[in-house]
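Residue numbers (this note's numbering), protein chains in the order written: chain A, 1 to 490; chain B, 491 to 980.
Number of protein chains: 2
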Amino acid sequence: MHSHNYLPNAFSNVSNLNQQVLKVNYAVRGPLTVLAEKIQNDLLENRDAYPFQDIIYANIGNPHQFGQLPITFLRQVLSICQYPALLNHTHEPWFKNIYPSDVVERAGLLLKDTGGVGAYSDSQGIPIVRKHVAEYIQERDNYACHPDDIYLTSGATQGAKLIMTLLISGPSEGAMLPSPQYPLYGALMDLLRGKCVSYYLSEKDDWNVDIEQFKHAYEEESKKGTNIRLCVFINPGNPTGTCISEECIEDVLRFAKKKGLVIISDEVYQNNVFRKKFTSFRKVLCDLETREPNSDWGRVSLVCINSVSKGQFGECGQRGGYIDIINVPSFVKEQILKLATIDICAPVTGQLLVDLLVRPPKVGEPSYELYSQEIKKIHKDMEKQCEFLYEATKRMKYVTCQEPHGAMYLHPNIILPEKFVREANENNVQPDELYCLYILQRTGICLVPGTGLGQKENDYHVRITFLAKGSEYVERLIEAHNAVMDEYED
Amino acid sequence: MHSHNYLPNAFSNVSNLNQQVLKVNYAVRGPLTVLAEKIQNDLLENRDAYPFQDIIYANIGNPHQFGQLPITFLRQVLSICQYPALLNHTHEPWFKNIYPSDVVERAGLLLKDTGGVGAYSDSQGIPIVRKHVAEYIQERDNYACHPDDIYLTSGATQGAKLIMTLLISGPSEGAMLPSPQYPLYGALMDLLRGKCVSYYLSEKDDWNVDIEQFKHAYEEESKKGTNIRLCVFINPGNPTGTCISEECIEDVLRFAKKKGLVIISDEVYQNNVFRKKFTSFRKVLCDLETREPNSDWGRVSLVCINSVSKGQFGECGQRGGYIDIINVPSFVKEQILKLATIDICAPVTGQLLVDLLVRPPKVGEPSYELYSQEIKKIHKDMEKQCEFLYEATKRMKYVTCQEPHGAMYLHPNIILPEKFVREANENNVQPDELYCLYILQRTGICLVPGTGLGQKENDYHVRITFLAKGSEYVERLIEAHNAVMDEYED
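Printed below as a string of structure tokens:
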């Protein structure tokens, strides 16, 4: 049966569709990715169709796709949780040879507290996992954290969605979003019909928040009558890799207190830090409350987001994460829970991974050595790849790049030749999109154009993950880049 | 740090919140569930706090929570997919003893096509799984189905959300929803600000769609200027258990064609059928197109929903499902994909379960016997429990109940005594909610009041799953019910 569009139904006219959905631009997995998939299929049919053999999806922070192996401990626990009948063999030598005793203990504990991975859990998340998350945060920041303030999610996206859905419901409601940003936030604002208020990260200042411009953007938009409810920070930054400084976090929190803003801090890269230091918004807020007990810091509602997709786990496909909230009134918590309830529950295996993230094997436990080695190796490899790719940008014409503190991306700035920009304009395509298209066609490397992440006018960037291993593709990138520049330069 | 509400922030006033979220009433996991959890906690502290030992969550179709064991084949495959290092042992006797060869083959195939369960998959879903779903549907209905028309989801909820988000964006847009219904659909309409147009299922006619009333409801609402975009059917019904007859499906499709309605058919209980016969909307639509090739049947856009949470798998916690679409224009498919992309991807293990659902072991394969036995036993047990609970309703005063054809619920009608209704009204609570509260407090059995699912005025129902095993709790329910009726009857 085929699509006959000659008679109307609700789907047959674009004006019948939710115009907010049409409006969304989601660059990370946008039209370039669709083309990349087409090229990959072409290559399956004809290995010689392009001057490369494979697509390198450097547009997405998807570590396992680049051959990063899963951490043994995690998968051992999950394999038992998936097939608890394995526990009938605990006394057999092969079993002891494969599964360390702490794996068995952990799996047993998690199974006991869940009724198995096939049952719906509490909508807020498995209680014991929430307890462990609270303990982890308490240990990280040295301030109390309560399991009631933890919501397990199917990853960072759901966490952001829950909070933004609750605060944004129309064009008079705004959220301050970083530019450049991970485009999820803009996409959610579009879906929720809210007003995006961009604040610029300052490239020349290591992509830090420019607090004066931030305040200015707030004031200007407020004057127009927009009720700005919320501001979003990504720390460490995506795509910038910047660890926001404690001083800057403090400035932002002071402003949020004054204006009654809710803060979302997306901290999914908190364990991917190579230089500088990650400090959670939560920690800074708690410090301030301690130092200034009479300053009504309880006024600042804060939501922090974490995920098992990033860090060293890189378990993107398993969909697990959490939000921790602070200073959120109980009637709001009820509504967060209601929204979580409509989503049903996060995948139970994803929830179990959160448990493993926040309660890794301890010194002296049988899995500790291997676990630590694996985590360290992944961390070190990523740091090396970051440095390597960063050094490579220095060999690319008309390119400057801030060295990231962490995360999984470089976000180089490309001064595109005038002729190139003109050609793009003539073809009704953004110059950086055209650039990414050329690079994809010539190298098989899929990048994200800065346009989709936000940048100043006449400024051009691309986001590239440094997850792909090896140097061959990097040389290919440099060569293709320089060739394009040579072709177009005056 | 505590919540200080004396100074305002965006969260501190209920009027700042998305009023659509506040409006949502989600009865299946509503306030009664919260009370049930509180009682369960009380029981942990004091076994004698209530005249029962445990809460029975008969409000949710969550089979594994009631002790239903997972199907061995599924969990064997998933345990290897989670821990592929197990495949280093394929030649050892213990391995062969635990893992049949077809399990190993299947796990190998799925791992090869995914890059492991820790990598993001395509946003539309793993290509090979979509291919298998298309083959399954083709075999079930005997009509062609294409993998491009399959979207893998994190369960039925996400599937419904994708389509409804695309079609409903404001109060002038309506969807026809069954009454009674699984309350997800009403909740989504509230979130999307759309207009719910109820059509009643006819209790006296085995809860079938009353097509005349359906048409009437459509016309009446259209006259008010509402653009009805969509109608939702749940087949087999939730909470009714009714398999919609082919004749009725045909009537509905004819009407949808005339009016240009998109149809969502939620068919998650298609494998939970004990009496009558399940026929998919897709099959009836394809039959009609074959019989009436010149009648523009391509005008009817149809979306069918399935899930691994129901059927005999009952893998609710793993979050897997799919939608299959037919007669949907490609520009709409692009928007569905965009929305799926913002959600990132369904949990990969959930996607693998979809593969196992649509490609079970075949006759002659090593896992076939055990798999079939397990599936049959679960089906038979459920059928028996259904019958048992249904028979029990006959011993409950003032209760009538349609015997369901399938699904996981009974939806008895209770004629509550006048005095009871009066007491409820005086306490500003719906009579059926008060009834459920009494039953919960006296028996520990958690039900869903019909109010939250939709019912005619002065009609009272409760939804109860027949998943709990044994007869003891049923006796407790009958006794408590009859005692309440005795207390209140005139």
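In this text, a Cβ means the ideal position worked out from N, Cα and C, and glycines have one as well.
Open item on the list: Quick check: the segment 759 to 775 of chain B against the segment 510 to 520 of chain B, are at least 3 beta-carbon pairs closer than 8 angstroms?
Closed with: no
Open item on the list: Between which residues of its own chain and A:Y390 is the CB-CB distance below 7 angstroms, once the five residues before and five after are set aside?
Closed with: Looking up residue 390 of chain A in the first sequence gives position 390. Closer than 7 angstroms at the Cβ level, and outside the excluded window around A:Y390, lie C401, E403, L410.
TODO: Just tell me which of A:D355, A:Q82, A:T157 has its CA closest to the CA of B:Q566.
DONE: Here residue 566 of chain B refers to the residue found at position 76 of the second sequence. Looking at the Cα atoms, A:Q82 is the closest of the given residues.
Open item on the list: Counting only C-beta atoms, is B:F764 closer than 8 angstroms to chain A at any point?
Closed with: Your numbering for residue 764 of chain B matches position 274 in the second sequence. For B:F764, the answer is no, since every Cβ of chain A falls outside 8 angstroms of its Cβ.
Task: Beta-carbon proximity of A:Y136 to A:V358, cut-off 8 angstroms - done: Taking the first residue of the first sequence as position 1, residue 136 of chain A is located at position 136. Taking the first residue of the first sequence as position 1, residue 358 of chain A is located at position 358. Closer than 8 angstroms, so yes.
TODO: From the DSSP output, read off the bridge partner residues of B:T955.
DONE: By 1-based counting over the second sequence, the position of residue 955 of chain B is 465. BP columns for B:T955 point to B:Y899.
- [ ] Could you please tell me which residues of the segment 60 to 71 of chain A, in chain order, have their CB closer than 7 angstroms to any CB of chain B?
- [x] I60, N62, H64, Q65, P70
Task: Close Cβ partners of A:E383 (< 6 angstroms) along its chain, the five nearest in sequence each way excluded - done: Translated into positions along the first sequence, residue 383 of chain A becomes position 383. Here the set comprises F274.
Task: Contact belief for B:L522 with B:N549 at Cβ below 8 angstroms, rounded distance in angstroms - done: The sequence position of residue 522 of chain B within the second sequence is 32, counting from 1. The sequence position of residue 549 of chain B within the second sequence is 59, counting from 1. Right, their Cβ atoms sit about 7 angstroms apart.
TODO: Using three-state DSSP, classify A:S3 as helix, strand or coil.
DONE: For the purposes of this step, residue 3 of chain A is identified with residue 3 of the first sequence, where counting begins at 1. Its pLDDT being 42, under 50, A:S3 is placed unreliably by the model, and nothing is read from it.
Open item on the list: Against chain B, with Cβ distances strictly below 8 angstroms, would A:F331 count as a contact?
Closed with: The sequence position of residue 331 of chain A within the first sequence is 331, counting from 1. Cβ-Cβ to chain B under 8 angstroms: yes for A:F331.
- [ ] Would you grab the beta carbon distance between B:I832 and A:L447 for me? Rounded to a whole angstrom, and I think it's under 8 angstroms.
- [x] Locating residue 832 of chain B in the second sequence gives position 342, where the first residue counts as 1. Locating residue 447 of chain A in the first sequence gives position 447, where the first residue counts as 1. Contact doesn't hold; Cβ gap of about 20 angstroms is too wide.
TODO: Taking all protein chains shown into account, decide if A:G298 is buried (16 or more other Cβ within 10 angstroms of its Cβ) or exposed.
DONE: Within the first sequence, numbered from 1, the residue matching residue 298 of chain A stands at position 298. Looking at its Cβ environment, which holds 16 or more other Cβ atoms inside 10 Å, A:G298 is buried.
- [ ] Spatial neighbours of B:L743 within its chain, please: CB distance less than 7 angstroms, with the 5 preceding and 5 following residues excluded, ordered by chain position.
- [x] As a working mapping, residue 743 of chain B is identified with position 253 in the second sequence. Closer than 7 angstroms at Cβ, skipping near neighbours: V774, L775, L778, V790.
Open item on the list: Can you check which of these residues, A:Q65, A:S121, A:D122, A:D148, is closest to B:G606 by C-alpha distance?
Closed with: Translated into the one-based positions of the second sequence, residue 606 of chain B becomes position 116. It is A:Q65 whose Cα lies nearest to the Cα of B:G606.
Task: Local conformation of B:L792 per DSSP, three classes - done: Taking the second sequence and counting its residues from 1, one reaches residue 792 of chain B at position 302. Three-state DSSP puts B:L792 in a strand.
TODO: Check whether the Cβ atoms of A:L467 and A:M396 lie closer than 8 angstroms to each other.
DONE: For the purposes of this step, residue 467 of chain A is taken as residue 467 along the first sequence, with counting starting at 1. For the purposes of this step, residue 396 of chain A is taken as residue 396 along the first sequence, with counting starting at 1. Contact: no.
Open item on the list: Less than 7 angstroms between C-beta atoms, sequence neighbours within five positions excluded: which residues of the same chain meet that for A:D141?
Closed with: The residue given as residue 141 of chain A occupies position 141 in the first sequence. Only S280, R282, K283, C286 meet the Cβ criterion.
Task: Beta-carbon contacts of B:Y928 that lie in its chain and below 8 angstroms, excluding the five residues immediately before and after - done: Position 438 of the second sequence holds residue 928 of chain B. Cβ neighbours of B:Y928 beyond the five flanking positions: A970, V974.
Task: contact_flag[the segment 223 to 236 of chain A, the segment 118 to 128 of chain A] where n(CB pairs < 8 angstroms) is 3 or more - done: no
Open item on the list: By DSSP's criteria, A:A10 is part of a beta bridge. Which residues make up the other side?
Closed with: As a first step, residue 10 of chain A is located in the first sequence; it is residue number 10 there, counting from the start. Answer is none; A:A10 lacks a bridge partner.
- [ ] Output yes or no for whether 8 angstroms exceeds the beta carbon distance between A:P236 and A:G450.
- [x] One-based indexing of the first sequence puts residue 236 of chain A at position 236. One-based indexing of the first sequence puts residue 450 of chain A at position 450. Contact: no.
TODO: For A:P8, return the contacting residues in chain B, with the cut-off set at a CB-CB distance below 9 angstroms.
DONE: Within the first sequence, residue 8 of chain A is the residue found at index 8, counting from 1. Per Cβ cutoff of 9 angstroms: G750, R789.
Open item on the list: By the DSSP assignment, the beta strand (DSSP E) with B:R719 in it spans what residues?
Closed with: Against the second sequence, residue 719 of chain B aligns to sequence position 229. Segment 717 to 724, the beta strand (DSSP E) holding B:R719.
Task: Simplified DSSP state of A:I344, which is helix, strand or coil - done: Locating residue 344 of chain A in the first sequence gives position 344, where the first residue counts as 1. In this structure, A:I344 counts as coil in the three-state DSSP scheme.
Open item on the list: Could you check whether the Cβ of A:A424 sits closer than 8 angstroms to any Cβ belonging to chain B?
Closed with: Here residue 424 of chain A corresponds to residue number 424 of the first sequence, with the count starting at 1. With 8 angstroms as the cut-off, A:A424 does not count as an interface residue toward chain B.
Task: Cβ-based burial, B:M491 [other Cβ within 10 Å; buried from 16] - done: By 1-based counting over the second sequence, the position of residue 491 of chain B is 1. Reliability of the predicted coordinates at B:M491 is poor, the pLDDT of 41 falling under 50, and no value is obtained from them.
Open item on the list: So if I threshold CB-CB distances at 7 angstroms, which residues from the segment 703 to 731 of chain B count as touching chain A?
Closed with: R719, L720
Task: Cross-strand partners of A:I325 (DSSP beta bridge) - done: As a position in the first sequence, residue 325 of chain A is number 325, starting the count at 1. DSSP lists A:V303 as partners of A:I325.
- [ ] Please work out which residues of its chain come closer than 8 angstroms, Cβ to Cβ, to B:K447, disregarding the five sequence neighbours upstream and downstream, and give them in chain order.
- [x] In the structure displayed, chain B extends from 491 to 980; residue 447 of chain B sits before or after that span and is not available.
TODO: Mind checking who B:K621 pairs with in its DSSP beta bridge?
DONE: Stepping through the second sequence from its first residue, residue 621 of chain B is reached at position 131. DSSP output for B:K621 lists no bridge partner at all.
TODO: Spell out a yes or no on whether the segment 313 to 329 of chain A and the segment 156 to 173 of chain A are touching, meaning 3 or more CB-CB pairs, one atom from each, closer than 8 angstroms.
DONE: yes
Task: A:Y50: contacting residues in chain B (beta-carbon distance under 9 angstroms) - done: Indexing the first sequence from 1 puts residue 50 of chain A at position 50. Here the premise fails: no neighbours, minimum Cβ distance about 20 angstroms.
Task: Candidates A:N271, A:G350, A:G30, of which the one nearest A:G311 by Cα - done: Working through the first sequence from its first residue, we reach residue 311 of chain A at position 311. Of the listed residues, the one whose Cα sits closest to A:G311 is A:N271.
- [ ] Mind listing the chain A neighbours of B:C876? Cutoff is C-beta to C-beta under 9 angstroms, in chain order.
- [x] Here residue 876 of chain B refers to the residue found at position 386 when the second sequence is read from its first residue. Under the 9 angstroms cutoff, chain A gives no residues; its nearest Cβ is about 20 angstroms from B:C876.
Open item on the list: In the DSSP assignment, the alpha helix (DSSP H) including B:P921 goes from what residue to what residue?
Closed with: As a position in the second sequence, residue 921 of chain B is number 431, starting the count at 1. Taken as a continuous stretch (DSSP letters only), the alpha helix (DSSP H) holding B:P921 covers 921 to 933.
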